[in-house]
Each structure stands twice: as structure tokens, then as C-alpha cells.
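In our numbering, the protein residues as written are 43 to 168. Beta carbons are placed, not taken as given, at the ideal position from N, Cα and C, and that holds for glycine. Predicted model, so just to flag it, every value in this text is computed and none were measured.
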Amino acid sequence: MPLDEALSRVVIDFSGRPGLEMHVPFKSGMIGTFDSQLAYEFFQGFANHAFVTLHIDNLRGDNAHHQAETVFKAFARGAAHGAGNRPAVGRRDSVDQGLAVAAGAPWMDFSPFWVFCPARMHVGSS
Numbered sequence: 043m044p045l046d047e048a049l050s051r052v053v054i055d056f057s058g059r060p061g062l063e064m065h066v067p068f069k070s071g072m073i074g075t076f077d078s079q080l081a082y083e084f085f086q087g088f089a090n091h092a093f094v095t096l097h098i099d100n101l102r103g104d105n106a107h108h109q110a111e112t113v114f115k116a117f118a119r120g121a122a123h124g125a126g127n128r129p130a131v132g133r134r135d136s137v138d139q140g141l142a143v144a145a146g147a148p149w150m151d152f153s154p155f156w157v158f159c160p161a162r163m164h165v166g167s168s
């Protein structure tokens, strides 16, 4: 999920086994009044109670706010996608960006494994 200079990837495995691997080197300990360490606590709690495995990586970013925003947006889109809230194939709006592509198809079904990676895609002709 891109946002200006920041880029994050979230991979969610709806396996029934809780786990979290989070590699987000926040550039600041505080984002306004939000303690950036609480992001880890949120995702750890989610993984434990939803019985999912999460891999969260911030691939680049110089602004802690942008880092956090890309992580949470990638997580939200990946979770919605994995829960079945997928947009129709062929849509060419911002919903199509970021989901992994196989053989030109915007949705990769690893049931129950859903990948959300930071790649812009365009479906159909330009």
C-alpha cells in the first residue's frame, strides 16, 4: 500500500493459528498523541483473538504518520478481501491497486491465504 514515500505490505493467513511478524521501524515513537508501539499491540491482539497469522512489513517510509497509515490501510484492505468483500474483477479504480497479480488476474485465491502487496495494477486495456 503506497502513500507518498511510504510503502507497506500486509499478508494475512486465515489459518486458525494466531501469529504476528511485524517489521515496522517507525521513524518516531509518537504520532501526534498516538504511541506508535500501540500499533504492535493492536495487531498482536487482533491476531490472537481472530486466530490469524499476520506478516506486516513497512518496506520504506520517512514519515511515521505515513508508515502507520499504509500499514493500517493495507491491513484493512487485506482483511476485507480475505473476508470476501472483494471488488469486481476489472474495476480500474484505487481498489485494484495493491493486490497481488497472477497471470494478469487481480485476485489471487490462496484460500484461506490472501496476499496484499504494494504493487499497482491495471486490469484491462488502457
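Item                                                                                                                                                                               : Value
Going along the chain, which residues of its own chain have a beta-carbon closer than 8 angstroms to the beta-carbon of Ala48, five neighbours each way excluded?                  : Asn100, Arg102, Gly103, Asp104, Asn105, His108, Gln109, Glu111, Thr112
Among residues of its own chain, excluding the 5 on either side of Ala76, which ones have a beta-carbon nearer than 8 angstroms to its beta-carbon?                                : According to the sequence provided, residue 76 is Phe. The question's Ala does not apply to it. Closer than 8 angstroms at Cβ, skipping near neighbours: Ala110.
With a 10 Å radius around its C-beta and 16 neighbouring C-beta atoms as the bar for buried, classify Met72 as buried or exposed.                                                  : exposed
Within the same chain, show all residues whose beta-carbon is closer than 6 angstroms to that of Ala147, passing over the 5 residues directly before and after it, in chain order. : In this predicted model, Ala147 has a pLDDT of only 33, less than 50, meaning its place in the structure is not dependable; the value taken from the coordinates is given anyway. For Ala147, where only same-chain residues beyond five positions count, there are no Cβ hits under 6 angstroms.
For Leu62, I'd like the list of residues in its chain whose CB is within less than 6 angstroms of its CB, leaving aside the five on either flank, ordered along the chain.         : Phe85, Gln86, Ala89, Leu96
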